[in-house]
Every structure is written in structure tokens, then in C-alpha cells.
Amino acid sequence: MKEPVPAECPPPPAPGAERYPALDLANSAIALPGGQFTDLLGTPAAANQWLTERDLAPVDAGLREVCAAQLRSLREQIRALLASRVDGHPAPSSALASVNDALTRAPAASLLHWDPVRGLYRAAAHPTTQILDHALATLAANAADLLTGPDAERLAACGSAPCNRYLLRTGRRHWCSTRCGDRARAARAYARRTQSSTD
Ligand SMILES: [Zn+2]
Numbered sequence: 001m002k003e004p005v006p007a008e009c010p011p012p013p014a015p016g017a018e019r020y021p022a023l024d025l026a027n028s029a030i031a032l033p034g035g036q037f038t039d040l041l042g043t044p045a046a047a048n049q050w051l052t053e054r055d056l057a058p059v060d061a062g063l064r065e066v067c068a069a070q071l072r073s074l075r076e077q078i079r080a081l082l083a084s085r086v087d088g089h090p091a092p093s094s095a096l097a098s099v100n101d102a103l104t105r106a107p108a109a110s111l112l113h114w115d116p117v118r119g120l121y122r123a124a125a126h127p128t129t130q131i132l133d134h135a136l137a138t139l140a141a142n143a144a145d146l147l148t149g150p151d152a153e154r155l156a157a158c159g160s161a162p163c164n165r166y167l168l169r170t171g172r173r174h175w176c177s178t179r180c181g182d183r184a185r186a187a188r189a190y191a192r193r194t195q196s197s198t199d
């Protein structure tokens, strides 16, 4: 009987992700070998934990699915901008609009309301909404800094299929982790072997 293949745990943060939470966000849906896929923001609890680990939300922020979905959506827009930067393509206008929308989320003011019983009154937005807006604005600003700063030159996509992570290159290293580097070298060696056997 075949042993079940253990689920591969996600690799450590890619080079640069420790300095750029936006890069870390972009890498939070990870394609693993064997068609596996890990989404670190897949559930509200996971998204809350991801934000807490980056000092962007308290442990008990009470994120709901709608909040996690907003984070995942910003991630896709940031990934689109990273891809356009790496490939030298024009930045997609929808991604620019979404990131700018997150960037300009003002710290929620207590807004003016009216209802027939209370008349005019002011009320703060839901605390979770405030936390989420702050986190989205912080991550969007960080992405903008990364994409327009000197480190943008070093942005690269991991060169080890099927990995979909981005990294900041140091030297000629083009993969996000030693695991990806080992896999890329093994794939090259395999390609050389199969090529020489067909010669
Ligand atoms: Zn990789």
C-alpha cells in the first residue's frame, strides 16, 4: 500500500518578504509541487493570524469572511502589479485603482448619522472595519513603496516551477527558498539526462 504523501508545509518567507509585508502578502497563496496549493488567508481565522503576526491586527480582531476576502483581493491586485513590474508590462489600471483605493482608506472618522429616534448622532465605524482598513492601507502603501523604490530593480519571480512566489534577488539567485533552488537544479539535471539519452 502506498503511503499517503504528507502535505508539504509552506516554505519560509522569500528573500525581501521580511522587510516588505506587501511582498509577504503577495506570496501568501503558495503553489506547491504536486498541484497542492496553500492559502495562508484562506479562512477568517487564518487571515487574522497572518495580520497579527505582522503587527497589523490584534489576536481577537474578529475578522469575518468579507474581511479575509478583501485581503485576498488586495493580494491579487498587488500580484498583478508585481508581475507587470517584473515582466516590464504596463501596470493594469484595475490593479492601480484597487491599490489606490486601499491606500486612501482614511482612518475611520466618527460619521454623522440620523435616525427618527435618536436624531443626529455620531458613531464610529465597526472596530473590525477600522482595523482592516488600516491593514489594507498599510499593505497598499508598502506595495507602492516597494514598486517605486530602489528595491524594485531586484524584484523577481521565483524561477522554480510551479512556485508562484516573488522575491528580492540577491546576486544571481532566482528562487525564493533553498527548497525551490534544489528542485530547479534537479529539474535541470533531469532535463540534461533525458536530452543526452535521446541524442
Ligand atoms: Zn520558489
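Residues in the sequence shown are numbered from 1 upward in steps of one, following UniProt numbering. C-beta atoms are modelled at their ideal positions from N, C-alpha and C, and glycine is treated no differently.
- Excluding its 5 nearest sequence neighbours in each direction, Leu103 has C-beta neighbours in its own chain below 8 Å: Ala137, Ala140, Ala141 and Ala144, listed in chain order.
- When secondary structure is reduced to three states using DSSP, Gly181 falls in the helix class.
- With fewer than 16 other Cβ atoms from the protein chains shown falling within 10 Å of its own Cβ, Ala69 counts as exposed.
- Look at Tyr20 here: in three-state DSSP terms it is coil, with no helix or strand label.
- In this structure the stretch 47 to 59 does not touch the stretch 161 to 176; the number of beta carbon pairs closer than 8 Å is below three.
- The same chain holds no residue with a CB closer than 6 Å to that of Asp55 once the five nearest residues on each side in sequence are set aside.
- Where His113 is concerned, the enclosing beta strand (DSSP E) starts and stops at Leu111 to Asp115.
- Pairwise C-beta distances place the stretch 156 to 166 in contact with the stretch 11 to 27, as three or more of them are shorter than 8 Å.
- Annotation: Pro127 to Ala156 spans about 37 Å, alpha carbon to alpha carbon.
- Here DSSP, grouped into helix, strand and coil, assigns Gly88 to coil.
- Between Val99 and Gln77, the beta carbon gap of about 6 Å places them in contact (Cβ cut-off 8 Å).
- If the five residues before and after Cys67 are omitted, its C-beta is found closer than 6 Å to the C-beta atoms of Leu132, all from its own chain and listed in chain order.
- Listed in chain order, the non-local C-beta contacts of Ile30 below 6 Å within the same chain comprise Pro10 and Thr38, local neighbours out to five positions each way being set aside.
- For Ala124, the closest alpha carbon among the candidates His113, Ala186 and Thr178 is that of His113.
- Sorted by position in the chain, Cys158, Ser160, Cys163, Arg165, Trp175, Cys176, Ser177 and Cys180 make up the residues whose C-beta lies under 6 Å from a heavy atom of ligand 1.
- Here DSSP, grouped into helix, strand and coil, assigns Arg122 to strand.
- About 6 Å separates the beta carbon of Ala152 from that of Arg85, a gap short enough to meet the 8 Å contact definition.
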